[in-house]
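Participant: The following block contains the structure, expressed as structure tokens.
2 protein chains.
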Amino acid sequence: MVFCSKSPSKLEDIDRQLVKLLGERIAAIAEEQSNHMNSAVLKTELDHAGVPEFVWRNLLTSAAAAATITPSVTEDLGRTDWPQQVTLIGGTGKMGQFFAEQLTCAGHQVRIMGRDDWDDAEVLLGNADLVMVCVPTQQAVSVIKKAASYLRETTALTDIISIKAPIVEAMLTYHSGPVMGLHPMFGPGISSFLSQNVVVCPGRSETAFDWLLRLIERNGGKLRTSSATEHDRMMGTVQGIRHFMTFGLGVFLATEGVDVARSLELSSPLYRLAIAQASRLFAQNDSLSLEIMMGSPESRGILQRLSTTYAQLASAASCCDRDSLKRAFEIAHQTFQTVVPQTLPETDHIIESLSVFLAASTVESLEADCVQPSMQPPRKLNRIVS
Amino acid sequence: MVFCSKSPSKLEDIDRQLVKLLGERIAAIAEEQSNHMNSAVLKTELDHAGVPEFVWRNLLTSAAAAATITPSVTEDLGRTDWPQQVTLIGGTGKMGQFFAEQLTCAGHQVRIMGRDDWDDAEVLLGNADLVMVCVPTQQAVSVIKKAASYLRETTALTDIISIKAPIVEAMLTYHSGPVMGLHPMFGPGISSFLSQNVVVCPGRSETAFDWLLRLIERNGGKLRTSSATEHDRMMGTVQGIRHFMTFGLGVFLATEGVDVARSLELSSPLYRLAIAQASRLFAQNDSLSLEIMMGSPESRGILQRLSTTYAQLASAASCCDRDSLKRAFEIAHQTFQTVVPQTLPETDHIIESLSVFLAASTVESLEADCVQPSMQPPRKLNRIVS
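Chains H and A, in that order, give the protein sequences.
Here this note's numbering is used: the first sequence runs in plain steps of one and ends on residue 379.
Here this note's numbering is used: the second sequence runs in plain steps of one and ends on residue 379.
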């Protein structure tokens, strides 16, 4: 038995060959080879091998996505701006940890500064090439003010806080060197920058951040330059509305006493996604939720107007006021038609992807130990606070 | 050049081997082989081959899902209940076509009956083993009444209409043979039953439908037995609420004049999904939307109460009434915690899956001709109405 379990199994053999071929396929796409199998031939091969088409579609999609990223460190070797000394203030949170990992993987020297580390500020901040502020919003301005006094004039100062105008202003006020605000438009749970939007609010001497922005882009991140004002206004929409809709759905189902587990059995894929999002929201701490909802007077105004829209539509539905509902539909139809071509394939993909995931989860316990989280990049952080 | 394009390319070679190995992997999982590569070894192999971990995760997920389905026809050969003579009334719609394809692929004889085919009803309905009603809700009862007069007493009568109580009642009233109501909880765009819920409302002599239910299950569908009453009540929640939320979001963004395309550039993955769902809704005909919203007095009542919840929450946010919001959060937290373990990994998966899809779509135009829709199963329908 010992001998048997040590010799490579058939599955192990298959996987070894699969990995090698996937690597070759990704390289072939990256070289823009496009001499594909004829689709009729492909269909025959798939049928013959017993491979459903969704498996092949997913493989093509993954391989194509992989061909868009070049996360290798090697191209940085020998550059004068590599490696950088980076200090993350408040980097013990999940988003801070994500950035710490990405920076470490790219070969930079990363140090985490917790709230009890101000005695070491001289070293942690005074020698840094880049300081990134990753603290909760409420503490941000005071932390920036305090930290700025330790910085050299050449140190680049940035943050990943979800409001930008007051933060960028504080960084510009208290620090005389390079300043740039960032807002990564994703939460913990993401494993890479792939396709993630990162909002960039320019401050001062932005070239000092070139290496950081290149790192994000090389790993698939999408840099979106925006003024702090535009950013903050749009966040009322992007974060506020979606959060509020999900929050309201959850509270409503709870107060109605709906059997949520049973509703999942009778659900469509998109309803299931709505429930999954609500579960996610209510599984977190309530403080972020309350912060988003009570946010600024502007964002509270948006929620008021959104709830008025809902009330008007519910009332129109209630009176069977078909004309009002048709008009409302038409207005929205006009607004959305520009984004339909890009977003419609996304919902098709997501629905199929959820189906595949649900089917796999009935057997995947077998495989759980081979994937996540043991495959996370090794952590080599100089963590002062653990 | 002609010679060159006819000889197999490197990519074609790779793909041929990949397909073969995928087939072997799926078979190995189906045989419950679980002797996996050690995760450290796997990580090394992936790094060495230049394969990002998400590619491997997706491949494992797809292969595991594929191992759960057994769509082969061969096991039906020689059964006394195979092949069946099936007539779909109104089978020219997208959902009817989906069922026609699934039944045809399984080897059954499928005939489509359109609204102008009543002259052939004697043949189309009189000889059928199964008749499936796929017409719009408003016409369903009258179609059932008319069709029933042509049916033999042994013919199994079913439907795929999204309300069940009045439809199942009509089928039981007008037909004396086997009756069962079905509600496939998915829309057009789905390519298989994989992981899709199909609600089953028993009527009479249900064993006549065993072959049909087995077909759905074998292709990955989840049969959910429910009374017509429970079904109709739950649909107010499952269909009505989600539709209303998305409808309201779209109307609100349109009336606020939000630049939706720009908002996508500054969006989180989940906001993007909400926008994609709204685009999908408003790209369709408005009649289904209005039907869902004005539906029954019960469903209109649900929308009224949902909009009241939104108004209360918006008002609490507006007054910064932290205590009310905290209480609301807590109630929802309690309700949702039972489904968190199953749904949380789903949102993580969906977010990653969307990222991969978006990245791939920048290169996938190259590959578009190799996937969908040319790979749909060949249509061998006896289509009276095209």
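We treat Cβ as the ideally placed atom computed from N, Cα and C, and that holds for glycine.
1) Quick one: give me the first and last residue of the beta strand (DSSP E) that K389 of chain A is part of.
2) If N190 of chain H sits next to S260 of chain A, beta carbons under 8 Å apart, how far is it from one beta carbon to the other, in whole angstroms?
3) Could you tell me the distance, in whole angstroms, from the CA atom of V134 of chain H to the CA atom of W111 of chain H?
4) Can you tell me where the beta strand (DSSP E) holding N392 of chain A begins and where it ends?
5) 8 Å is my cut-off, CB to CB: does P262 of chain H come that close to chain A?
6) Taking the CB atoms as reference points, tell me whether K319 of chain H and L165 of chain A lie closer together than 8 Å.
7) When you compare the CB of R18 of chain A with every CB in chain H, is at least one pair closer than 8 Å?
8) Can you give me the C-alpha to C-alpha distance between H236 of chain H and H41 of chain H, rounded to a whole angstrom?
9) Take every Cβ of the region 316 to 334 of chain H, pair it with every Cβ of the region 334 to 344 of chain A, and state whether three or more of those distances are shorter than 8 Å.
10) Using alpha carbons as the reference points, say which of A:G250, A:A141, A:V172 lies closest to H326 of chain H.
11) Could you tell me which of A:S280, A:W204, A:I156 sits nearest to H224 of chain A, measuring between CA atoms?
12) Measuring straight from C-alpha to C-alpha, what distance separates F179 of chain A and D113 of chain H?
13) Please name the residue or residues paired with Q78 of chain A in a DSSP beta bridge.
14) Out of curiosity, what's the CA-to-CA distance linking N212 of chain H and S188 of chain H?
15) Go ahead and pull the three-state DSSP assignment for H224 of chain H.
16) V48 of chain H and S346 of chain A - do their beta-carbons sit closer together than 8 Å?
17) If you draw a straight line from the alpha carbon of E291 of chain A to that of V356 of chain H, how long is it in whole angstroms?
18) Establish whether the CB of V193 of chain A and some CB of chain H are separated by less than 8 Å.
19) Going along the chain, which residues of its own chain have a beta-carbon closer than 6 Å to the beta-carbon of S198 of chain A, five neighbours each way excluded?
20) Anything in the region 280 to 294 of chain H with a Cβ closer than 7 Å to a Cβ of chain A? List those residues in chain order, please.
21) For chain H, find out if any of its Cβ atoms is closer than 8 Å to the Cβ of E94 of chain A; answer yes or no.
22) Quick one: is S317 of chain H near chain A, going by C-beta distance under 8 Å?
23) So, S256 of chain H versus T230 of chain A, is the Cβ gap smaller than 8 Å?
24) Three Cβ pairs or more, each shorter than 8 Å: is that satisfied between the region 267 to 277 of chain A and the region 288 to 308 of chain A?
25) If the cut is a Cβ gap below 7 Å, which residues of chain H does K13 of chain A touch?
26) Taking the continuous beta strand (DSSP E) assigned at L150 of chain H, which residues delimit it?
27) For the candidate residues H:H101, H:T151, H:V126, whose alpha-carbon lies nearest to that of R72 of chain H?
28) Tell me the residue span of the alpha helix (DSSP H) that contains H41 of chain A.
29) Nearest to G214 of chain H by CA position, among H:A163, H:V192, H:A121, H:G233, is which residue?
30) Hey, quick one: how far does the alpha helix (DSSP H) through G16 of chain H stretch, first residue to last?
31) As a quick exercise: from H:G174, H:Q277, H:E258, H:A58, pick the residue whose alpha carbon is nearest that of S185 of chain H.
32) Could you list which residues in chain H have their beta carbon closer than 8 Å to that of D341 of chain A, in chain order?
33) Nearer than 7 Å: is that true of the beta carbon of L257 of chain A relative to any heavy atom of the ligand ZN?
34) Mind checking which residues open and close the beta strand (DSSP E) that includes M125 of chain A?
35) Considering only their Cβ atoms, is the gap separating M286 of chain A from M238 of chain H smaller than 8 Å?
36) Once the 5 residues before and after A201 of chain A are set aside, which same chain residues still bring their CB inside 7 Å of it?
Facilitator: Taking the geometry as given:
1) The structure shown has nothing for residue 389 of chain A, since chain A only spans -6 to 379.
2) 6 Å
3) The alpha-carbon atoms of V134 of chain H and W111 of chain H are separated by roughly 16 Å.
4) Nothing about residue 392 of chain A can be reported from this structure: the residues present for chain A run from -6 to 379 only.
5) yes
6) Not a contact, by the Cβ cut-off of 8 Å.
7) yes
8) 47 Å
9) Not touching, per the Cβ criterion.
10) A:G250
11) A:I156
12) Taking the straight line from one Cα to the other gives about 58 Å.
13) A:Q102
14) So the two alpha carbons sit approximately 9 Å from each other.
15) Helix at H224 of chain H.
16) no
17) 39 Å
18) no
19) P171
20) S282, L283, M286, M287, R293
21) Under the Cβ criterion of 8 Å, E94 of chain A is not counted among the residues facing chain H.
22) Judged by the 8 Å Cβ criterion, S317 of chain H is not in contact with chain A.
23) yes
24) no
25) Within 7 Å Cβ-Cβ: A42.
26) 149 to 152
27) Nearest Cα to R72 of chain H within the set H:H101, H:T151, H:V126: H:H101.
28) Segment 32 to 42, the alpha helix (DSSP H) holding H41 of chain A.
29) H:V192
30) 3 to 23
31) Of H:G174, H:Q277, H:E258, H:A58, the smallest CA-CA separation from S185 of chain H is found for H:A58.
32) G182
33) Ligands in the displayed structure: none, and consequently the ligand ZN is not present.
34) 123 to 126
35) no
36) A149, P171
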